[in-house]
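Inspection log for the structure reproduced underneath, given as structure tokens.
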Amino acid sequence: MAVDLLRHPDGREPFMATYDDLEDLIGPLKRARIDAWFVSQEMPWRIDSEENYYYEGSGRGMAQYCTRPDKFGEGGGKVWMDDWPDWGLGDQTDAYRAAFQEHRDTIDDHMRDFRSMVDPANIQPLIDHLSAGAHMLTTGAITRPSADGQTEITIPKKDTIGGAIDACVNLAGPLGSLRGSTAHAFRTKFINRIEDVVDAQQLVCVILGGHLEAQKLMWTNARRAIVDLVVDTTKAYDDYARTKSAGDFSVEFKIIGYALAGAGLFASGGLALVLGVGGIGLSVAADTTDVEEAMKFPGGTYSQIKDSFYEGIGKIRKDITSEETLIQQNLTTNTGIVQGHKGEFDLSRPALLDVNDGDDIGASDAHEILVNKRAVRSLTADHMPAVASFLRQAGTEIEAAWSVNLEGWYRTSLGISNYGPMHEWYDLWIIVRDLIADTADETSACAVTLDLAVQELENQDATERDALGRHAKRVVDVGTSRSEHNPWD
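Residues in the sequence shown are numbered from 1 upward in steps of one, following full-length UniProt numbering.
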């Protein structure tokens with residue numbers, strides 16, 4: 001565990017270093033490294049004061065000094081002597097100043113990519129939108145923490161999309177006697193399947209949210225690890241510079257192993273998950289490594305401390321790449337599964353939408369609909385619109401997840417690419433976004449078709465017939481490859 005007690009450049013001591021302090025920590029690291037390197041030279045230098053090193057080989061009356069870098073790691077390297085401040089030491093000064101600058105440049109080179117690591121706070125809004133959308137797709141009762149986290153809130157099934165779907169199934173029951181008809185197909189292939197499809201769409205949202213949780217945890221701990229490494233390396237250099245000895249130190253990385261944990265954390269907010277929908281094998285992780293604890297680094301000499309720092313830097317880079325690769329592979333695998341099992345996630349376009357005249361429904365259908373017109377109108381006016389409303393609310397949240405500015409995710413060469421696995425995340429996100437929107441459109445359009453058909457059959461009025469015909473033309477592309485929300489294009 002890193003020792004976070006360090007003198008801050010502004011004089012605070014002790015203070016708990018965080019990633020927000022990283023810029024302020026790099027200066028002390030530079031100074032500590034230069035101190036340790038300087039006293040490790042064959043010439044017996046030691047730290048004399050905040051401002052100077054002292055050459056222990058100095059003779060009487062010939063005390064020799066060299067200026068130290070300041071608290072920000074800048075400057076230093078001027079060699080001078082008591083009573084002889086400018087006595088032929090220019091070459092030494094030039095050499096030390098160049099060496100000090102080389103150490104500073106080396107630190108800057110190693111730290112460059114870590115100065116703009118992804119902020120987990122930029123990931124949270126995406127998670128929040130996905131969580132809200134996934135809750136809208138929950139077909140069972142929901143129990144989740146209250147806003148203050150002190151109590152639990154239970155939302156009964158009747159107040160979820162599942163309740164609205166149940167009402168549709170129950171009201172469509174009177175149409176069950178129809179055989180091989182348009183209305184019967186609508187009931188069996190649409191109404192009776194929509195809950196399974198919504199469950200499958202919700203699971204895709206959970207996979208997306210889980211991988212965001214995984215990235216948030218990864219970056220939280222990667223930022224913690226780089227701070228701990230800088231703090232402990234600085235302390236080790238300081239100890240060596242003052243005592244010619246430095247103990248070992250350890251850093252907790254905990255960067256890898258979250259591809260599995262992420263989905264569980266995302267789903268912990270009360271989502272009623274139906275995992276393994278249809279047995280199609282959607283998974284929330286693949287080949288995930290256990291979360292690693294601490295890694296011990298040797299102190300000892302200046303060179304050992306330097307090598308330990310480089311090893312730690314390399315490990316952070318490697319772990320970020322490894323975890324992002326796992327997330328990327330899992331997203332790609334799940335996208336392939338969704339594309340290979342379209343029928344589990346997408347409803348067939350209801351033949352009902354092709355009805356442009358009440359007579360198209362069929363004589364027995366028409367009779368059954370008229371006999372049960374109150375149930376049908378309750379279905380079309382209340383419960384199917386409620387299902388569509390839940391879907392659209394979910395879709396709004398899912399859409400908003402991508403609208404969050406991703407510029408805060410940009411980095412130079414950490415991980416697998418400038419935006420990590422977010423390209424693969426987008427590929428799966430855009431499918432579920434369009435699936436939800438397409439299902440909402442089909443549900444709304446079917447409700448209107450049934451409603452207009454009832455009016456035409458009941459009144460045999462040209463006005464209603466014309467309205468049904470116009471509606472059929474408007475929805476001719478809904479649920480097809482020409483749809484505005486075609487998830488498979």
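Note that the Cβ used here is the ideal one computed from N, Cα and C, for glycine as well. Keep in mind that this is a model prediction, so the values were computed, not measured.
What does a CB cutoff of less than 8 Å around residue 204 pick up in its chain, not counting 5 residues either side in sequence?
As a first step, residue 204 is located in the sequence shown; it is residue number 204 there, counting from the start. Excluding positions up to five away in sequence, the list reads 282, 334, 338, 345, 428, 431, 432 and 435.
What is the rounded straight-line gap between the Cα of residue 4 and the Cα of residue 122?
On the sequence shown, position 4 is the one that residue 4 refers to. On the sequence shown, position 122 is the one that residue 122 refers to. Low local confidence applies: a pLDDT of 44 at residue 4 is under 50, so the model's placement there is unreliable, and no value is given.
Leaving out five residues before and five after residue 43 in sequence, what residues of the same chain have Cβ atoms less than 8 Å from its Cβ?
Walking along the sequence shown from the start, residue 43 turns up at place 43. 55 and 57.
Exposed or buried, what is residue 138 when buried is set at 16 or more other beta-carbons lying within 10 Å of its beta-carbon?
The residue given as residue 138 occupies position 138 in the sequence shown. Buried, since its Cβ has 16 or more Cβ neighbours within 10 Å.
Have a look at the DSSP bridge pairing and note the partners of residue 47.
Here the question's residue 47 lines up with position 47 in the sequence shown. BP columns for residue 47 point to 53.
On the DSSP bridge assignment, give the partners of residue 66 in chain order.
The residue given as residue 66 occupies position 66 in the sequence shown. Partner(s): 53 and 79.
Span of the alpha helix (DSSP H) holding residue 508?
A question about residue 508 goes unanswered here, because the residues of the chain that appear run from 1 up to 489.
What number of angstroms, rounded off, separates the C-alpha of residue 422 from the C-alpha of residue 199?
Within the sequence shown, the letter at position 422 stands for residue 422. Within the sequence shown, the letter at position 199 stands for residue 199. So the two alpha carbons sit approximately 24 Å from each other.
Could you tell me how far apart the beta carbons of residue 347 and residue 194 are, in whole angstroms, since I believe they sit closer than 8 Å?
By one-based count along the sequence shown, residue 347 stands at place 347. By one-based count along the sequence shown, residue 194 stands at place 194. Indeed they touch by this definition, with Cβ atoms about 7 Å apart.
Does residue 303 come within less than 7 Å of chain D when only Cβ atoms are used?
The structure shown contains no chain D; it holds only a single protein chain.
For residue 478, which residues in the same chain have their Cβ closer than 8 Å to its Cβ, ignoring the five residues on either side in sequence?
Within the sequence shown, residue 478 is the residue found at index 478, counting from 1. Around residue 478: 349, 353, 438, 441, 442 and 445.
Could you tell me whether the Cβ atoms of residue 28 and residue 234 are closer together than 7 Å?
As a first step, residue 28 must be located in the sequence shown, where it is residue number 28. As a first step, residue 234 must be located in the sequence shown, where it is residue number 234. Against a cut-off of 7 Å, the Cβ pair of residue 234 and residue 28 comes out as a contact.
Tell me whether the beta-carbon of residue 17 lies closer than 7 Å to the beta-carbon of residue 231.
Translated into positions along the sequence shown, residue 17 becomes position 17. Translated into positions along the sequence shown, residue 231 becomes position 231. It is a contact, given that the beta carbons lie within the stated cut-off.
Please report the distance separating the alpha-carbon of residue 400 from that of residue 415.
As a position in the sequence shown, residue 400 is number 400, starting the count at 1. As a position in the sequence shown, residue 415 is number 415, starting the count at 1. Computed Cα separation, rounded: 26 Å.
In angstroms with no decimal places, state the Cα-to-Cα distance between residue 219 and residue 325.
Position 219 of the sequence shown, counted from the start, is the residue given in the question as residue 219. Position 325 of the sequence shown, counted from the start, is the residue given in the question as residue 325. Computed Cα separation, rounded: 14 Å.
Less than 7 Å between the beta carbons of residue 227 and residue 19, yes or no?
By 1-based counting over the sequence shown, the position of residue 227 is 227. By 1-based counting over the sequence shown, the position of residue 19 is 19. Closer than 7 Å, so yes.
How is residue 127 classed by DSSP in three states: helix, strand or coil?
Walking along the sequence shown from the start, residue 127 turns up at place 127. Here residue 127 sits in helix by DSSP.
In terms of residues, what are the limits of the alpha helix (DSSP H) holding residue 154?
Here residue 154 refers to the residue found at position 154 when the sequence shown is read from its first residue. Segment 152-155 is the beta strand (DSSP E) holding residue 154; no alpha helix (DSSP H) there.
Give the single residue among 169, 472, 130 and 127 whose Cα lies nearest to the Cα of residue 382.
By one-based count along the sequence shown, residue 382 stands at place 382. Comparing Cα-Cα distances from residue 382 to each of 169, 472, 130 and 127, the minimum goes to 169.
Does the beta-carbon of residue 77 have 16 or more other beta-carbons within 10 angstroms, so that it is buried, or is it exposed?
Translated into positions along the sequence shown, residue 77 becomes position 77. Buried, because 16 or more other Cβ atoms sit within 10 Å of the Cβ of residue 77.
Within the same chain, show all residues whose beta-carbon is closer than 8 Å to that of residue 287, passing over the 5 residues directly before and after it, in chain order.
On the sequence shown, residue 287 is found 287 positions in, with the first residue counted as 1. For residue 287, the predicted structure reports a pLDDT of 44, less than 50, and the residue's modelled location is therefore unreliable. A value from the coordinates is still provided. Cβ within range, chain order: 326 and 329.
Measure the CB-CB distance between residue 163 and residue 394 and report whether it falls below 7 Å.
Along the sequence shown, one-based indexing puts residue 163 at 163. Along the sequence shown, one-based indexing puts residue 394 at 394. Cβ distance not < 7 Å, so residue 163 and residue 394 don't count as in contact.
If you measure between the beta carbons of residue 309 and residue 161, is that distance less than 7 Å?
Start at 1 with the first residue of the sequence shown, and residue 309 comes out as number 309. Start at 1 with the first residue of the sequence shown, and residue 161 comes out as number 161. Not in contact: residue 309 and residue 161 (Cβ atoms no closer than 7 Å).
What separation, rounded to the nearest whole angstrom, lies between the Cα atoms of residue 171 and residue 189?
To locate residue 171, count along the sequence shown from 1; it is residue 171. To locate residue 189, count along the sequence shown from 1; it is residue 189. Their backbone Cα atoms lie some 15 Å apart in a straight line.
Taking all protein chains shown into account, do 16 or more other C-beta atoms lie within 10 angstroms of the C-beta of residue 253, making it buried, or fewer, making it exposed?
Translated into positions along the sequence shown, residue 253 becomes position 253. Its Cβ being crowded by 16 or more others within 10 Å, residue 253 is buried.
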